[in-house]
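In the numbering used here, the protein residues as written are 2 to 276. Just so you know, even glycine gets a beta-carbon here, dropped at the ideal spot from N, CA and C.
Encoded structure:
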């Protein structure tokens, strides 16, 4: 492709290389395992960049490092040296953080992200989500503590940590996460965050104050109504002796209402009520 461009009288630009490297990074990200051929293509592309003295920007470097950083056990010496050479020219902490995450070095990545926050350089949602999800797999407790060092986590960050807690029924921690991101209100929560919060309530293993429960459900109903979802489940809160059963019904009503909005796009409706 590059040779064809040159034969036609066009010199490939930095954007061209970024596009090609980005395609390889996307393939590596999707598959999890990076094939030898994918890494070899990155090596050949970078040799072409250096041979033609192209000024590779941070985007090119990030994509190249993302591929080279994966599959650490199978990397060759030349690939390791190339990665170090590319890394030496990186000027953005976020690019370095992504590279260390691809190699599984969560401590160095977390250090870089904290340094960015301390200096007022807000990390992207993609970076914080990548960091939290990687740490979560290794050490959920460390991921939980790390979450509170972020000034403004996103909905995606909330779901990454809150979803496993919701499955376990640890609603107290979910409330703490929610309060750090959204405060006491529900308006800024997207549908996935709301679903995670509802799941945590439905599976809650801790004592629930019925008055607090009623206020939560009333507030949720108002927020969902504003988003165009009417569950009609508020009356179920009257079952004071069966709070968790009521919460499961409310979440089911929410899921059905949410799913019904997607049927226009050809998606299937939920077939049976979850346990």
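Check your understanding: Which residues in the same chain as residue 191 place their Cβ atom closer than 8 Å to its Cβ, once the five residues preceding and following it in sequence are excluded?
Key -> 156
Exercise for review: Identify the continuous alpha helix (DSSP H) that holds residue 51 and give its terminal residues.
Suggested key: 37-52
Practice item. Could you tell me the boundaries of the alpha helix (DSSP H) in which residue 12 lies? Key: From DSSP, residue 12 is part of no alpha helix (DSSP H); its letter is neither H nor E.
Practice item. Use the C-beta contact count for residue 241: other C-beta atoms within 10 angstroms, 16 or more gives buried, fewer gives exposed. Key: Any reading at residue 241 must be qualified, since the residue scores a pLDDT of 49, below 50, and its modelled position is unreliable; the value itself is stated next. When all chains shown are included, residue 241 counts as exposed.
Check your understanding: Considering only the beta carbon of each residue, do residue 153 and residue 182 sit closer than 9 Å?
Key -> yes
**Study point:** C-alpha gap between residue 63 and residue 89, whole angstroms
**Key:** 12 Å
Point to revise | Nonlocal neighbours in the same chain, by C-beta distance under 7 Å from residue 144, ignoring five residues either side | key: 133, 136, 137 and 162
Check your understanding: In chain order, what residues of the same chain lie with their CB nearer than 7 Å to the CB of residue 194, ignoring the 5 residues before and after it?
Key -> 156, 159 and 160
Review point. Expressed to the nearest angstrom, what Euclidean distance is found between the alpha-carbon atoms of residue 105 and residue 98?
Key: 10 Å
Check your understanding: My guess is that residue 46 and residue 66 are in contact by the Cβ rule of under 8 Å, so how many angstroms apart are they, rounded?
Key -> So it is not a contact: roughly 13 Å between Cβ atoms.
**Study point:** Chain-order list of residues whose beta-carbon lies under 7 Å from that of residue 167 (same chain, five-residue window excluded)
**Key:** 175, 197, 200, 201 and 204
Check your understanding: Among 252, 212 and 30, which has the Cα closest to the Cα of residue 222?
Key -> With distances taken between Cα atoms, residue 222 lies closest to 252.
Check your understanding: When you compare only the Cα positions, how much space is there between residue 56 and residue 110?
Key -> 26 Å
Check your understanding: What is the rounded straight-line gap between the Cα of residue 69 and the Cα of residue 171?
Key -> 38 Å
Practice item. Kindly indicate the opening and closing residues of the alpha helix (DSSP H) around residue 207. Key: Premise fails: residue 207 is in no alpha helix (DSSP H) and is neither H nor E.
Check your understanding: Skipping 5 residues on each side, what residues in its chain have a beta carbon closer than 7 Å to that of residue 249?
Key -> 203
Exercise for review: Using 8 Å as the cut-off, classify the Cβ of residue 167 as near or not near the heavy atoms of the ligand FMN, replying yes or no.
Suggested key: Among the ligands in the structure shown, none appear at all, so the ligand FMN cannot be discussed.
**Study point:** For residue 134, three-class secondary structure by DSSP
**Key:** The answer is helix: DSSP assigns residue 134 an H, G or I state.
Check your understanding: For residue 18, which three-state DSSP category applies?
Key -> helix
Check your understanding: Would DSSP call residue 190 helix, strand or coil?
Key -> coil
Point to revise | Cβ shell of residue 28 (< 8 Å), same chain only, five flanking positions each side left out | key: 39
**Study point:** DSSP-derived helix/strand/coil call for residue 149
**Key:** coil
Review point. Ordered along the chain, which non-local residues of its own chain (more than five positions away) have a Cβ less than 8 Å from that of residue 54?
Key: none
Check your understanding: According to the neighbour-count rule (16 or more other Cβ atoms, all chains shown, within 10 Å of its Cβ), is residue 131 buried or exposed?
Key -> buried
Review point. For residue 241, does the three-state DSSP call read helix, strand or coil?
Key: Confidence in residue 241 is poor, its pLDDT being 49 and thus under 50, which makes the residue's placement unreliable; the coordinate value appears in the next sentence. Three-state DSSP puts residue 241 in a helix.
Exercise for review: Between the Cα of residue 127 and those of 95, 81 and 119, spot the shortest distance and give me the residue it belongs to.
Suggested key: 95
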